[in-house]
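One structure is given here, and the rest of the page talks about it.
Protein chains in written order, with our numbering: chain A, 1138 to 1367; chain B, 494 to 610.
And the structure:
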């Protein structure tokens, strides 16, 4: 068996909306690049490369969520938990760009849409929810694992909502929005559960072996803050 | 980079290579959530191509690079079996790690002021 194509192809969303999201993605990626500099240190550089490579590998592992329907990790929650929101969004974007260019998965012009849904919405929603949860849950390997499980579900459904919004304003076909939205959100709730299990298991493993390499354990500052505890 | 960290990164890469190179063979080939949603209402053939009906992906285009050497997570010249997926998975992990670590290293270097070295 061979992993199926998994990202949005060109032609599903019309040209104007595709161009708008390409620009949105580009601007936000430049912002992420600028913000990421403050986070990058000697440990985070190889860790960010590993996080991207690991997300690529796990995305190949489609699991069954309904008869004839599979799901796979999107990776936003994992990336943020391990390397933070700015570096994390860039990690997922690198995966999506390589998948589109080398593996013909995800249309070239649809890259802005795919990056917006999975890398940017994925990372920023994760960061917001994870920060809130970590105010309640203890910042221990177990606490962080529970937090990333719950966060994964929200972040995957937020990414799916991104597609629903893009299709609603720019779909090249006119299918019932109720059907598209209902199926997308229903399937992605189940995919979110799978993403949650994988993300929690991975974060728990890294937290127990090298807690100093887990961003979520070191402290999550507001998005405007750039200082980070050493 | 401390030796301990080097070992951690190498172990992580090893796990990623096993997942992409071996475990990927056992992954589901069913369309994912997005494809299932956008193909709802259309009939498809064994390759997943739309043969009729009405669905959100009706006007989806073929990928511009679909003849590339690793298109569709298969390796050209190796057929569609285990080796084909394994090689594409291993290449993907290596390329993503290389580009990722390289890009972040460049970003970090640009971030440092001269007195910090």
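Each residue gets a CB set at the ideal place from its N, CA and C atoms; glycine is no exception.
Original post:
Are the C-beta of residue 1302 of chain A and some C-beta of chain B separated by less than 8 Å?
Top reply: no
**OP:** Go to residue 1354 of chain A, then tell me how far its alpha helix (DSSP H) extends in each direction, as first and last residue.
**Re:** 1352 to 1355
Original post:
DSSP three-state call for residue 1362 of chain A: helix, strand or coil?
Top reply: Summary for residue 1362 of chain A: the model assigns pLDDT 42, below 50, so the residue's position carries little reliability; its value from the coordinates is reported in the next sentence. Of the three classes helix, strand and coil, the one that applies to residue 1362 of chain A here is coil, per DSSP.
Original post:
the stretch 533 to 550 of chain B: which residues have C-beta closer than 8 Å to a C-beta of chain A, in chain order?
Top reply: Among the residues of the stretch 533 to 550 of chain B, those with a Cβ less than 8 Å away from any Cβ of chain A are 533, 534, 541, 547, 548, 549, 550, in the order of the chain.
Subject >> Cβ neighbour criterion (16 or more within 10 Å) applied to residue 1420 of chain A >> reply: Not covered by the structure: residue 1420 of chain A. The range shown for chain A is 1138 to 1367.
Original post:
Would you report the Cα separation of residue 582 of chain B and residue 1161 of chain A, rounded to the nearest angstrom?
Top reply: Looking at the backbone, the Cα of residue 582 of chain B and that of residue 1161 of chain A are separated by about 30 Å.
Original post:
Where are the alpha helix (DSSP H) runs, 4 residues long or more, that stay fully inside the stretch 526 to 553 of chain B, in chain order?
Top reply: 526 to 532
**OP:** State the Cα-Cα distance for the pair residue 1304 of chain A and residue 1298 of chain A, rounded to the nearest angstrom.
**Re:** 10 Å
Original post:
Hey, quick one: how far does the beta strand (DSSP E) through residue 1202 of chain A stretch, first residue to last?
Top reply: 1200 to 1203
**OP:** Please confirm if residue 521 of chain B has its CB atom under 8 Å from at least one CB of chain A.
**Re:** yes
Original post:
For residue 1275 of chain A, is the classification buried or exposed, using 16 other Cβ atoms within 10 angstroms of its Cβ as the cut-off for buried?
Top reply: With fewer than 16 other Cβ atoms within 10 Å, it is exposed.
Original post:
Excluding sequence positions up to five away, which residues of its chain have a Cβ less than 6 Å from the Cβ of residue 1331 of chain A?
Top reply: 1200, 1208
Original post:
Distance, Cα to Cα, residue 594 of chain B vs residue 1312 of chain A?
Top reply: Cα to Cα, the separation comes out at about 42 Å.
**OP:** For residue 1253 of chain A, go through chain B and note every residue whose CB falls closer than 7 Å to its CB, in chain order.
**Re:** Those within 7 Å of residue 1253 of chain A in chain B number zero; the least Cβ separation is about 14 Å.
Subject >> Span of the beta strand (DSSP E), counted from its first residue to its last, around residue 515 of chain B >> reply: That residue, residue 515 of chain B, is in no beta strand (DSSP E); it is neither H nor E in DSSP.
Original post:
Three or more C-beta pairs closer than 8 Å, one from the stretch 1276 to 1286 of chain A and one from the stretch 1329 to 1344 of chain A: is that the case here?
Top reply: Yes, they touch.
Subject >> Partners in chain A for residue 553 of chain B, counting only beta-carbon separations shorter than 9 Å >> reply: Ordered by position in chain A, the residues that pass the 9 Å Cβ test against residue 553 of chain B are 1145, 1146, 1147, 1148, 1149, 1244, 1309.
Original post:
Just the Cα atoms here: how many angstroms apart are residue 1144 of chain A and residue 1237 of chain A?
Top reply: 9 Å
Original post:
Taking just the CA atoms, how far does residue 545 of chain B sit from residue 1187 of chain A?
Top reply: 42 Å
Original post:
With distances taken between CB atoms, is the gap from residue 1300 of chain A to residue 1321 of chain A smaller than 8 Å?
Top reply: With a cutoff of 8 Å on beta-carbon distance, residue 1300 of chain A and residue 1321 of chain A are scored as near each other.
Original post:
Is there a Cβ from chain A that is less than 8 Å from the Cβ of residue 506 of chain B?
Top reply: yes
Original post:
If you measure from the beta carbon of residue 496 of chain B to each beta carbon in chain A, is any gap under 8 Å?
Top reply: no
Original post:
Since residue 1148 of chain A contacts residue 552 of chain B with CB under 8 Å, what's their CB separation in whole angstroms?
Top reply: That belief holds up - the Cβ atoms of residue 1148 of chain A and residue 552 of chain B are roughly 5 Å apart, short of 8 Å.
**OP:** Give the residues of chain A in contact with residue 512 of chain B, contact being defined as C-beta atoms less than 9 Å apart.
**Re:** 1191, 1194, 1195, 1197, 1198
**OP:** Look at the alpha carbon of residue 1198 of chain A and the alpha carbon of residue 1206 of chain A, and state the distance between them as a whole number of angstroms.
**Re:** 13 Å
**OP:** Classify residue 523 of chain B as buried or exposed, calling it buried when 16 or more other Cβ atoms lie within 10 Å of its own Cβ.
**Re:** buried
Original post:
Does residue 1369 of chain A have its Cβ less than 8 Å from a Cβ in chain B?
Top reply: Because chain A is modelled from 1138 through 1367, residue 1369 of chain A falls outside the range shown and cannot be assessed.
Original post:
Can you tell me the Cα-Cα spacing of residue 1229 of chain A and residue 557 of chain B, whole angstroms?
Top reply: 22 Å
**OP:** Could I get the ranges of all uninterrupted alpha helix (DSSP H) runs contained in the stretch 557 to 588 of chain B, with 4 residues as the minimum, in chain order?
**Re:** none
**OP:** List the endpoints of the continuous beta strand (DSSP E) containing residue 1207 of chain A.
**Re:** 1206 to 1208
Original post:
Hey, how far is the Cα of residue 1347 of chain A from the Cα of residue 533 of chain B?
Top reply: 44 Å
Original post:
CB residue 505 of chain B to CB residue 1239 of chain A, shorter than 8 Å?
Top reply: Not in contact: residue 505 of chain B and residue 1239 of chain A (Cβ atoms no closer than 8 Å).
**OP:** Report, in whole angstroms, the separation of the C-beta atoms of residue 1184 of chain A and residue 1350 of chain A, which I expect to be a contact under 8 Å.
**Re:** 5 Å
Original post:
Straight-line CA distance for residue 547 of chain B to residue 527 of chain B?
Top reply: 16 Å
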